[in-house]
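**Q** Start counting the sequence shown at 1; every next residue gets the next number (my numbering).
Don't be surprised by glycine CBs; every beta carbon is placed ideally from N, CA and C.
Just so we're clear, the structure is a prediction, and the values are computed from it rather than from any experiment.
Mind looking over this structure? Questions follow.
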Amino acid sequence: MGSRLAARRLLRSNSVRLGLLLFALVTFFDTLRLQNRIARHDLVPHAFDTPRKHERVYIAALHYNDAPLLRQQWNPALLALVERLGRANVFVNVHESGSWDDTKAALAELDAELEVRGVPRSVITSNVTHQDELEANRPAQGAGLPEGWIVPSKGAKPEMRRIPFLANLRNSALRDLDDLHEKGFKFDKVLFLNDVLFTPEDALTLLDTNRGVYAAACSLDFSDPPLFYDTFALRDANGHAHLTPTWPYFRATASRNAVLAHADAVPVTSCWNGIVAMPAAPFTSPIESKRLRFRAIPDSLAQLHLEASECCLIHADNPLSADLGVYLNPRVRVGYNVMAYAATHPGPGRSWLSGWAIGRGRTVNRLLGWFTSTRFTDRRVDDRLAQWKAEEQDRDEPGRACLINEAHFLAPNGWMHL
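This is the structure we're talking about:
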């Protein structure tokens, strides 16, 4: 009772009231300033009204059960992007495997259209399903485990890991890059396109992130905005996972401040998030064994109930990451459905974030930054990593920031995690 009375007296104090009023006014005008900044910076640069510089781009994509997306948006957007980049300046590589909808037919339509336009490409489809992969590789009872399989817990049946499977698929989409390079066809950038709604302007803006100087530049992806989607691969400038799933996302000061500035180059340790642009050079090193490729963490480390995204590890392995930087570009927002894309693109001159989202986001982010810590989750991962290193000499995992306390496995109709 006494504490409540003291609180009431405090609130009645003129100085406290004045302080609260000033805080509210500062927050209000700061929110308006941030909204205006976002709206202003989101305007499409005038540079896109002129022919783009002649940069050669290798476009790589994977598709799985995406027929509606392909026909309604992805195919037309890709064709328009090819025209903007120049038909002679691109190579399109699309891989599909195991879809049970009309994805193969939709990709055949894309292939035919690229053929008519004379665009160099490779569109590959496969009838091998996840179930086929599991049955073909499942170890016999009593036999040793093949690479990419682990036993999740004592007494459990062997399971096929999802990340090595995905890494192999992504590497398949890079094979033509090797072949073309050896034949003398050089590319400046590799553009990875996920199964997202995007426009040519989105991709061009991303390619121009930080004036084109980066080890990697990523869009920001949404399925249910304002929550961003790819939490598995995104790490802030200090290697931490997101602090909040909504704006301004990050714990690290450098990352958070760049988001508040709505900069086109938010420094991060890792990202993927829908569309990614990377220099082609690391993928085409003259020394074949040093060519950058997607990978998973070793099975022996995954056995300790740890996992890491292949799309995070690629940045840990990229020799350019330290010097050129990895950046998230929040001005490039893509969606996994029409509603998500529309919600993050309200139109020229308007901020996609409401005043409430900005005010609440800053307050929640600030409070969580003050009163929470990553110490417990970090220690759990660090202890398992230390155990793994101690089991055998010369073990190392450069992708420490990517590790999480989960296990991901392939399932007949997708994937599961434990």
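For G359 and H41, I'd like the C-alpha separation in whole angstroms.
**A** Here residue 359 corresponds to residue number 359 of the sequence shown, with the count starting at 1. Here residue 41 corresponds to residue number 41 of the sequence shown, with the count starting at 1. Answer to the nearest angstrom: the Cα atoms are 19 Å apart.
**Q** Where does F376 land, buried or exposed, given buried means 16+ other C-beta within 10 angstroms?
**A** Counted from its first residue, the sequence shown places residue 376 at position 376. Classification for F376: exposed.
**Q** Please confirm if the segment 140-150 is in contact with the segment 187-198, defined as three or more CB-CB distances below 8 Å between the two stretches.
**A** no
**Q** Looking only at C-alpha atoms, which of F250, T284, D230, V128 sits nearest to K183?
**A** Numbered from its first residue, the sequence shown carries residue 183 at position 183. Residue T284 is the option with its Cα nearest to K183.
**Q** Closest by CA to R37, which one among G369, R331, R400, Q387?
**A** Translated into the one-based positions of the sequence shown, residue 37 becomes position 37. Nearest of G369, R331, R400, Q387 to R37, Cα basis: R331.
**Q** Would you decide whether Q35 is buried or exposed? Buried here means 16 or more other CB atoms lie within 10 Å of its CB.
**A** Locating residue 35 in the sequence shown gives position 35, counting from the first residue. With 16 or more Cβ atoms within 10 Å of its Cβ, Q35 is classed as buried.
**Q** Give the DSSP-derived three-state secondary structure of Y341 in the structure shown.
**A** Translated into positions along the sequence shown, residue 341 becomes position 341. Three-state DSSP puts Y341 in a helix.
**Q** Can we say the segment 264-275 touches the segment 120-132, given the rule of at least three CB pairs closer than 8 Å?
**A** no
**Q** Would you mind sorting G419 into buried or exposed? The rule is 16 or more other CB atoms within 10 Å of its CB.
**A** An answer regarding residue 419 cannot be provided, because it is not within the stretch 1 to 418 covered by the chain.
**Q** Can you name the residues that DSSP bridges to G369?
**A** On the sequence shown, residue 369 is found 369 positions in, with the first residue counted as 1. In DSSP, G369 forms no bridge with anything.
**Q** In or out: I287 buried (at least 16 other Cβ within 10 Å) or exposed?
**A** Numbered from 1 along the sequence shown, position 287 holds the residue referred to as residue 287. Counting the other Cβ atoms within 10 Å of the Cβ of I287 gives fewer than 16, which makes it exposed.
**Q** Which of the three DSSP states is assigned to S300 in this structure?
**A** Position 300 of the sequence shown, counted from the start, is the residue given in the question as residue 300. Three-state DSSP puts S300 in a helix.
**Q** Between L169 and D221, what straight-line distance do the alpha-carbon atoms span, to the nearest angstrom?
**A** Numbered from its first residue, the sequence shown carries residue 169 at position 169. Numbered from its first residue, the sequence shown carries residue 221 at position 221. If I take the Cα positions, the gap works out to 21 Å.
**Q** To which residues does DSSP link E96 through a beta bridge?
**A** Within the sequence shown, numbered from 1, the residue matching residue 96 stands at position 96. Partner(s): H63.
**Q** Considering only DSSP beta bridges, list what V123 is partnered with.
**A** Mapped onto the sequence shown, residue 123 falls at position 123. V123 is bridged to V94.
**Q** Quick check for students: name the residue ranges of the alpha helix (DSSP H) that lie wholly in the segment 109-154, counting only runs of 4 or more.
**A** You should have 130-137.
**Q** Select from L403, H417, C402 the residue whose C-alpha is nearest the C-alpha of F409.
**A** Mapped onto the sequence shown, residue 409 falls at position 409. The option with the nearest alpha carbon to F409 is H417.
**Q** Going by beta-carbon coordinates alone, are F91 and R121 separated by less than 9 Å?
**A** Within the sequence shown, residue 91 is the residue found at index 91, counting from 1. Within the sequence shown, residue 121 is the residue found at index 121, counting from 1. Result yes, Cβ atoms of F91 and R121 sit closer than 9 Å.
**Q** Given a cut-off of 9 Å on the beta-carbon distance, is the pair V196 and V334 in contact?
**A** Residue mapping note: residue 196 aligns to position 196 of the sequence shown, counting from 1. Residue mapping note: residue 334 aligns to position 334 of the sequence shown, counting from 1. The answer is yes: Cβ separation under 9 Å.
**Q** Quick one: using the 10 Å Cβ neighbour count with 16 as the cut-off for buried, is D111 buried or exposed?
**A** As a position in the sequence shown, residue 111 is number 111, starting the count at 1. Label assigned to D111: buried.
**Q** G355 to P248, Cα distance in whole Å?
**A** The residue you call residue 355 lines up with position 355 of the sequence shown. The residue you call residue 248 lines up with position 248 of the sequence shown. The straight-line gap from Cα to Cα measures roughly 13 Å.
**Q** Does L220 come out as helix, strand or coil in the three-state DSSP assignment?
**A** Here residue 220 refers to the residue found at position 220 when the sequence shown is read from its first residue. Of the three classes helix, strand and coil, the one that applies to L220 here is strand, per DSSP.
**Q** By the DSSP assignment, the alpha helix (DSSP H) with R375 in it spans what residues?
**A** Indexing the sequence shown from 1 puts residue 375 at position 375. First-last of the alpha helix (DSSP H) with R375: 375-391.
**Q** Just curious, the alpha helix (DSSP H) that N171 is in, first and last residue?
**A** Locating residue 171 in the sequence shown gives position 171, where the first residue counts as 1. 162-172 is the extent of the alpha helix (DSSP H) around N171.
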